[in-house]
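Novice: Residue 427 in this note's numbering sits at position 294 of the sequence shown, with consecutive numbering throughout.
Even for Gly, the Cβ is constructed at its ideal location relative to N, Cα and C.
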Amino acid sequence: TPAVALLAQDLGLVLSASHNPPEYNGVKIFDREGHKLSDADEAAIEALLHEPGPRGGAVEYASDAVEGYVEHVARHFGSDLQGLRIAVDCANGAFSAIAPEVFERLGAEVTALADGPDGTNINVACGATDLRLLQAAVLAGGHDLGVAFDGDGDRMLAVDERGAVVDGDQILAVCALALDVDLVAVTTMTNLGFHRLMDERGIRVLTTDVGDRYVLEALRREGGTLGGEQSGHLIVLDGHVTGDGLAAALALCRSLDGRRLSEAAAVMPRFAQAKANVPVAGSAITPDVTVEVERLNAELEGRGRVLVRASGTEPLVRVLAEAERAEEAETLCASIARLVRQGAGVG
């Protein structure tokens with residue numbers, strides 16, 4: 134996906150289910166500048182699905198497209214990685230024949246994982262949605278760190294030398310400090326610890342709805358170059374056009390500047406998080422839920438928070454609670470989830 138966004142001509146089109154299991158599929162469309170289409174443009178295209186299509190044109194295979202992308206990413210985001218031992222989980226996806234080679238070109242010693250796509254194994258027990266394979270490999274091989282992509286390559290999460298997960302918020306924090314930016318864009322799901330760190334360092338934070346598209350729109354609007362999501366969508370626009378897992382992984386390695394990943398990630402104090410997905414039919418965020426969320430957030434006064442939102446893709450209400458102690462976060466999450474279920478008339 135990042136390569137298509139970068140190389141798009143009049144349009145770019147990706148057939149992909151992103152981080153989802155192999156039985157799913159989907160389409161991502163980019164404009165000539167490498168940006169995802171707006172909601173309105175997508176709706177206009179969907180309205181044409183049942184209309185007679187124009188006659189097809191010719192297809193030309195761009196044999197140098199992959200190499201052009203590799204050279205661009207290595208040039209803009211790469212650094213000298215000699216002496217670095219890294220495990221790379223390709224999710225049996227698009228980066229299988231690309232990411233390990235890029236790290237090797239830059240001097241790293243690479244152990245490639247899940248790099249044998251067969252059409253049925255993409256995102257299965259591997260990649261950014263399941264880090265167990267990567268964690269085991271990092272520990273068994275004595276690697277300095279591990280990185281994992283999702284199937285289409287626009288997400289990246291990491292594992293430190295101790296096998297601990299380093300999520301998108303922590304990666305973004307490490308990069309923000311190393312790149313000396315003055316603003317970052319994140320979503321409503323970003324950990325409060327990130328906000329606290331950025332406030333301490335005088336870095337302005339733009340908060341958007343969930344979705345890398347909205348993060349990218351905020352960066353373009355405000356002239357920023359760095360943003361992302363906890364899930365691993367990381368956007369580094371200095372010389373690039375969209376979120377790119379490989380670019381983010383290279384930026385992370387450069388940001389370490391000789392430090393261990395565990396040491397670098399420790400700069401961000403993480404609030405404990407508890408999450409719940411409540412199945413609902415229709416809109417189920419009742420006034421009672423809204424009032425209780427507002428009351429709790431006022432009471433917490435920055436020591437935690439509660440967030441409730443309707444899923445944009447499934448009939449679910451998502452509940453997130455954060456607190457300094459895990460037990461408190463779990464209690465907050467359970468109480469709001471119970472209130473959502475009551476309002477939706479589900480058990």
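1) Please report the straight-line C-alpha distance between LEU243 and GLY226, rounded to a whole angstrom.
2) Whole angstroms is fine: what's the gap from GLY376's alpha carbon to ALA417's?
3) Tell me, which residues are paired with LEU485 by DSSP?
4) Tell me whether PHE236 sits in a helix, a strand or coil according to DSSP, three-state version.
5) With distances taken from CA atoms, which of MET289, PHE282, ILE304, ASP277 is nearest TYR296?
6) When the distance is taken between beta carbons, is ARG474 closer than 8 angstroms to VAL411?
7) For a test of the three-state rule: what should DSSP assign to LEU349, helix, strand or coil?
8) At what residue ranges does the stretch 440 to 474 contain a whole run of the beta strand (DSSP E), taking only runs of 3 or more?
9) So what's ASP342 in DSSP terms, helix, strand or just coil?
10) Quick one: grab the DSSP three-state call for GLY301.
11) What does the alpha-carbon distance come out to for the pair GLY286 and LEU182?
12) Given that a residue counts as buried once 16 or more other Cβ atoms are within 10 Å of its Cβ, and exposed if not, what is TYR202?
13) Could you check where the alpha helix (DSSP H) with GLU179 kicks off and where it finishes?
14) In whole angstroms, what is the alpha-carbon distance linking GLY145 and VAL298?
15) In chain order, which beta strand (DSSP E) runs of at least 3 residues are fully inside the stretch 228 to 301?
16) How far does the beta strand (DSSP E) with GLY145 in it reach, from first residue to last?
17) Leaving aside the five residues before and after THR419 along the sequence, list all residues of the same chain whose C-beta is less than 7 angstroms from its C-beta, in chain order.
18) Alpha carbon to alpha carbon, how far is PHE228 from ARG329? Give it in angstroms, no decimals.
19) Could you tell me if ASP213 is buried or exposed, where buried requires 16 or more neighbouring beta carbons within 10 angstroms of its beta carbon?
Specialist: To lay it out plainly:
1) Just to set this straight, residue 243 is Val in the shown sequence, not Leu. Those two C-alpha atoms are separated by around 17 angstroms.
2) Cα to Cα, the separation comes out at about 32 angstroms.
3) Outside the shown range of the chain (134 to 480) lies residue 485, about which nothing can therefore be said.
4) Helix, per DSSP.
5) Sequence inspection shows Gly at residue 296; the Tyr mentioned does not correspond to that position. Selected option, being the one with the closest Cα: ASP277.
6) Their beta carbons are under 8 angstroms apart, which means VAL411 touches ARG474 by this criterion.
7) Here DSSP, grouped into helix, strand and coil, assigns LEU349 to helix.
8) Counting whole runs of 3 or more residues, the stretch 440 to 474 contains the beta strand (DSSP E) stretches 449 to 456.
9) ASP342: coil per DSSP, three-state reduction.
10) Residue state for GLY301 is assigned as helix, using DSSP reduced to three classes.
11) Answer to the nearest angstrom: the Cα atoms are 27 angstroms apart.
12) Buried, since its Cβ has 16 or more Cβ neighbours within 10 Å.
13) It spans 172 to 179 - the alpha helix (DSSP H) in which GLU179 sits, taken as one unbroken run.
14) Taking the straight line from one Cα to the other gives about 33 angstroms.
15) Within the stretch 228 to 301, the runs of beta strand (DSSP E) at least 3 residues long that lie entirely inside it are, in chain order, 242 to 246, 278 to 282, 289 to 293.
16) For GLY145, the uninterrupted beta strand (DSSP E) segment begins and ends at 144 to 148.
17) Within its own chain, the residues whose Cβ lies closer than 7 angstroms to the Cβ of THR419, once the five positions on either side in sequence are excluded, are GLY476, listed in chain order.
18) C-alpha separation (whole angstroms): 34 angstroms.
19) Classification for ASP213: exposed.
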